[in-house]
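**Student:** Following our numbering, the numbering of the sequence shown begins with 40 at its first residue and continues without gaps.
No residue lacks a Cβ here, since even glycine has one placed at the ideal position from N, Cα and C.
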Amino acid sequence: MEAAGEPVERFASPPARWLGIVMVVVAAIIIVDLLVGNPSQDYKDVAFWLMLLLAVWVVLVRPVVSANTHGVLMRNMVRDVFVPWSAIARARVFHTLQVVTHESQKFHGVGVSRTTRQIARGTYGRSSMLSGVFSRGLGSRTDGPRLDPNAKGGLREGVAYQDYIELTIERMARESRPDQREPTVAWAWPSVAMLVAIPVLAFVLLA
40 MEAAGEPVER FASPPARWLG IVMVVVAAII IVDLLVGNPS QDYKDVAFWL
90 MLLLAVWVVL VRPVVSANTH GVLMRNMVRD VFVPWSAIAR ARVFHTLQVV
140 THESQKFHGV GVSRTTRQIA RGTYGRSSML SGVFSRGLGS RTDGPRLDPN
190 AKGGLREGVA YQDYIELTIE RMARESRPDQ REPTVAWAWP SVAMLVAIPV
240 LAFVLLA
C-alpha cells in the first residue's frame, strides 16, 4: 500500500461484498450480545459466529481493487498486489481482474469480476469510441453503470462497468511516466491469521 500511493479511485464492489459487510455487522452484534448479555452462554455459539465473521471478512469483504497514484492496488483475500502504471500493458476482467505487464507477468484481483453468464454470452467486448472518455464514481453495481462519450456523466446502455475498469486502468497506464517501481506481492498477515483461526474454531465446535 505504501508503494501504491494514495487512492485515486476505488472501483465499485460487487453486490456480494455489500452482503458480506451486512453479515459481518450482524455476526459482530450477535457475538457482543452473547458475551455481554448472557455470560453463561455456551462458548460454541460464540465460536460459530466468530468463525462465520472471519470467513466472510476474508472471502467477501476484504477483496477490493483501486487505482492509486502509482499504480493498481489489488487487495485479495490473503495477499495484496501492486502493479505500477508504467509496467501495465493491458487489463481484462473475466472471473477476476487480470492485469498483464509488458514482461508478460499476469496478476489477478478478485475484487472485480464478471459472472459466468456474462463470459459465456461473450457480450463484454469494448468499443474503441470509449477510449479516453471516463467518469468517476459510476455506482456500485458490477454490471450497472454504462458509458457514453456524448451523454452527461458518460453513461450509456450497452457497455458494462467492467469495461470502464479496463479502459481506466489502460488509460492511466498510457498516461503514466516511466519509473523504477516493480510489481509487488505482499502477504496480508492479519487475513492469514484469520484463515488459521477458522479451522481452530471449527475444531472447538466439533469438540
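Is A94 helix, strand or coil by DSSP?
**Tutor:** The three-state secondary structure of A94, taken from DSSP, is helix.
**Student:** Does DSSP put G34 in a helix, in a strand, or in coil?
**Tutor:** There is no way to answer for residue 34, as the model of the chain reaches only from 40 to 246.
**Student:** Would the region 90-102 count as touching the region 118-134 if we require 3 or more Cβ pairs under 8 Å?
**Tutor:** no
**Student:** Thinking C-alpha only, which one of V151, V138, P46 is nearest A55?
**Tutor:** With respect to the C-alpha of A55, the residue from V151, V138, P46 having the closest C-alpha is V151.
**Student:** Check the C-beta distance from R49 over to S105 and give it rounded, since I have them as a contact under 8 Å.
**Tutor:** 4 Å
**Student:** Only counting runs of 3 or more residues, tell me where the beta strand (DSSP E) segments fall wholly within the region 74-140, in order along the chain.
**Tutor:** 103-107, 110-114, 118-123, 127-132, 136-140
**Student:** Please say whether M116 and V63 have beta carbons closer to each other than 8 Å?
**Tutor:** no
**Student:** Can you name the start and end residues of the alpha helix (DSSP H) that T154 belongs to?
**Tutor:** Taken as a continuous stretch (DSSP letters only), T154 belongs to no alpha helix (DSSP H), as it is neither H nor E.
**Student:** Please report the Cβ distance between Q201 and V132, rounded to the nearest whole angstrom; I am assuming they are in contact, meaning their Cβ atoms lie under 8 Å.
**Tutor:** 4 Å
**Student:** Using C-beta distances below 8 Å, list every residue in its chain close to I204, excluding the 5 sequence neighbours before and after it, in chain order.
**Tutor:** Closer than 8 Å at the Cβ level, and outside the excluded window around I204, lie F50, V104, A130, V132, L136, V151.
**Student:** Sort T140, A241, Q157, G59 by Cα distance to A212 and report the nearest one.
**Tutor:** Nearest C-alpha to A212: T140.
**Student:** In three-state DSSP terms, what is A225?
**Tutor:** strand
**Student:** To which residues of the same chain is A67 closer than 8 Å at the C-beta, ignoring the five residues directly before and after it?
**Tutor:** L92
**Student:** Residues bridged to E48 by DSSP?
**Tutor:** A106
**Student:** Going by Cα to Cα distance, which pick from N77, V47, R160, E209 is closest to N107?
**Tutor:** V47
**Student:** Report the CB separation of A225 from R118 in whole angstroms; it is logged as a contact under 8 Å.
**Tutor:** Taking 8 Å as the upper bound for CB-CB distance, A225 and R118 are in contact here, some 7 Å apart.
**Student:** For the alpha helix (DSSP H) containing A212, list its first residue and its last residue.
**Tutor:** 200-213
**Student:** Among the candidates Y82, K145, H134, whose CA atom is the shortest distance from the CA of R156?
**Tutor:** H134
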